[in-house]
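UniProt numbering puts the first residue of the sequence shown at 1, with every later residue one more than the last. Using N, Cα and C, we set each Cβ at its ideal position, and we do this for glycine too. In this text, all values refer to a predicted model and were calculated from it rather than measured experimentally. Heads up, the thing below is written out as structure tokens.
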Amino acid sequence: MSVDALDSFPHLRVLFEKEIADGVETGVQLSISHAGVHHEIAVGDNGLGSPITPETSVPWTCSSKPLGALAFARAWENGRLDLDDRVAEHLPEYGEGGKEAVRVRDLLSHTTGVPDPLVTLDTDGQDMPDWDQAQALIWMVICAAEVQQRPGSSMSYNPITNWFVLDRLLTTIDGTTPGDSYRSMFSLLGISATLGLVRDGDAALPVAPTAPPEEAVGLEKMVMAAQLPLPGTGVWGSMRDLREVGEALLTGRAADGTEVARRATIEALTATHWPGTARSVLSDTDFAYGLGFMTLPQLLGRSCSFRAYGHAGGNTSSLVVDPDAEVVMAMYWNGRLADVPTVTRRHALVEAVYADLEVSRPPLRVPQAG
Numbered sequence: 001m002s003v004d005a006l007d008s009f010p011h012l013r014v015l016f017e018k019e020i021a022d023g024v025e026t027g028v029q030l031s032i033s034h035a036g037v038h039h040e041i042a043v044g045d046n047g048l049g050s051p052i053t054p055e056t057s058v059p060w061t062c063s064s065k066p067l068g069a070l071a072f073a074r075a076w077e078n079g080r081l082d083l084d085d086r087v088a089e090h091l092p093e094y095g096e097g098g099k100e101a102v103r104v105r106d107l108l109s110h111t112t113g114v115p116d117p118l119v120t121l122d123t124d125g126q127d128m129p130d131w132d133q134a135q136a137l138i139w140m141v142i143c144a145a146e147v148q149q150r151p152g153s154s155m156s157y158n159p160i161t162n163w164f165v166l167d168r169l170l171t172t173i174d175g176t177t178p179g180d181s182y183r184s185m186f187s188l189l190g191i192s193a194t195l196g197l198v199r200d201g202d203a204a205l206p207v208a209p210t211a212p213p214e215e216a217v218g219l220e221k222m223v224m225a226a227q228l229p230l231p232g233t234g235v236w237g238s239m240r241d242l243r244e245v246g247e248a249l250l251t252g253r254a255a256d257g258t259e260v261a262r263r264a265t266i267e268a269l270t271a272t273h274w275p276g277t278a279r280s281v282l283s284d285t286d287f288a289y290g291l292g293f294m295t296l297p298q299l300l301g302r303s304c305s306f307r308a309y310g311h312a313g314g315n316t317s318s319l320v321v322d323p324d325a326e327v328v329m330a331m332y333w334n335g336r337l338a339d340v341p342t343v344t345r346r347h348a349l350v351e352a353v354y355a356d357l358e359v360s361r362p363p364l365r366v367p368q369a370g
């Protein structure tokens, strides 16, 4: 594994130098795999005056959701859980508020019919209690939330709630501790990522992402949520670790050869299960989605093949897996943008990587008459 100078990636060099000079972000961490060859790139600083390195721990936020999907895949393959199980069959208290019809597949595809109640939760300025008390409060709020649409009939992306429920479901079945669905995946994959930010006392965060004024509130909420041990939101680690998650999706195996999930299971997870509602503007709550994966290649990068999938998080990170091109990319920008500029920034990075690796998009197959 090599730490590559940007001299080997001229298109990326130009892109990153311009973005950092323009104040879009203070630095970037990028990990790439192409046909099994790894490239680790880090440029700029962490927002606190120190360089970002390939080892710097950064927040994955929602880019960590594929880990929860893989944890489910293992339970599914072992017959411990099925896509069409009702969540309330395993967690009876979850069935309050009309949620008794919610299936496991609805959690994974964000089609529970329940907008995330934790996104709008008002703590009235009170300090966060210790984690045991906090997660009890979170569970109480989730159980009390009411269905707004028939489960399975519409998508309302949940940054926090659905993966919190998914972890509780998996750990209840396994008889383990909340959060262990993620910790077990870290161990299986052999990565050093952590659930929740691990630091000494009041030590500074490893990174201090920036944001324009209109994204300041969103950034504050993102940083607060990312520090908590919330499955699907609160993972910290390097982009090298996240890239290894992507490679496990590509091959079905961890770096040491241990089977993570069968290829057919991964194909099922990464197929589109919710097509997204047609609209003229970008929606951050309703888009093409699989079982824990964004499945619209155009959201990831224009050079991606039609089989590409991945996930984005906090408008600061993304995982892109392109099976046809044998490319996996995990990227973190130390600067948060609004939704549309984030898509534009990701497109630019993916285009630059494909250009520097000389990866061309497979030509569209046009049906022949007769």
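DSSP lists no beta-bridge partner residue for residue 211.
Apart from sequence neighbours up to five positions away, the residues of its chain that approach residue 333 with a beta-carbon distance below 6 Å are 25, 28, 316, ordered along the chain.
Excluding residues up to 5 positions away in sequence, 116, 118, 142 lie with their Cβ nearer than 6 Å to the Cβ of residue 161 in the same chain.
Under the DSSP assignment, residue 354 falls in the alpha helix (DSSP H) whose first and last residues are 339–356. In the structure shown, the three-state DSSP call for residue 51 is strand. Contact annotation, residue 244 with residue 253: C-beta distance approximately 11 Å; criterion of less than 8 Å not satisfied.
Nearest C-alpha to residue 16 among 5, 8, 43: 43. Beta-bridge pairing by DSSP links residue 236 to 59, 194.
In the three-state reduction of the DSSP assignment, residue 155 falls in the coil class, being assigned neither a helical nor a strand state. Look at residue 174 here: in three-state DSSP terms it is helix. A Cβ-Cβ distance of about 6 Å is found for the pair residue 154 and residue 113, placing them in contact under the 8 Å criterion. Taking 9 Å as the cut-off, the beta carbon of residue 239 is found no closer than this to the beta carbon of residue 140. Its chain contains 254, 255, 256 as the residues whose beta carbon lies nearer than 7 Å to that of residue 190, once the 5 sequence neighbours on both sides are disregarded; these appear in chain order. Straight-line measurement puts the Cα of residue 268 at about 42 Å from the Cα of residue 48. At a Cβ-Cβ threshold of 9 Å, residue 179 and residue 229 count as neighbours. In the DSSP annotation of this structure, residue 83 is not part of any alpha helix (DSSP H), being labelled neither H nor E. Here the alpha carbons of residue 146 and residue 101 stand approximately 12 Å from one another. Nearest neighbour of residue 197 by Cα position, chosen from 213, 165, 231, 120, turns out to be 231. For the pair residue 312 and residue 299, the CB atoms are nearer than the 9 Å cut-off. With a cutoff of 9 Å on beta-carbon distance, residue 51 and residue 41 are scored as not near each other. A check of alpha carbon separations from residue 38 across 5, 212, 22 identifies 5 as the nearest. Assignment of beta-bridge partners to residue 103 by DSSP yields 86.
Assigned with DSSP and collapsed to three states, residue 136 falls in helix. Here residue 328 is bridged, per DSSP, to 33, 321.
For residue 110, no beta strand (DSSP E) run applies, since DSSP gives it neither H nor E. Residue 313 sits in a strand when the DSSP states are folded into three classes.
In this chain, the alpha helix (DSSP H) harbouring residue 264 covers 263–270.
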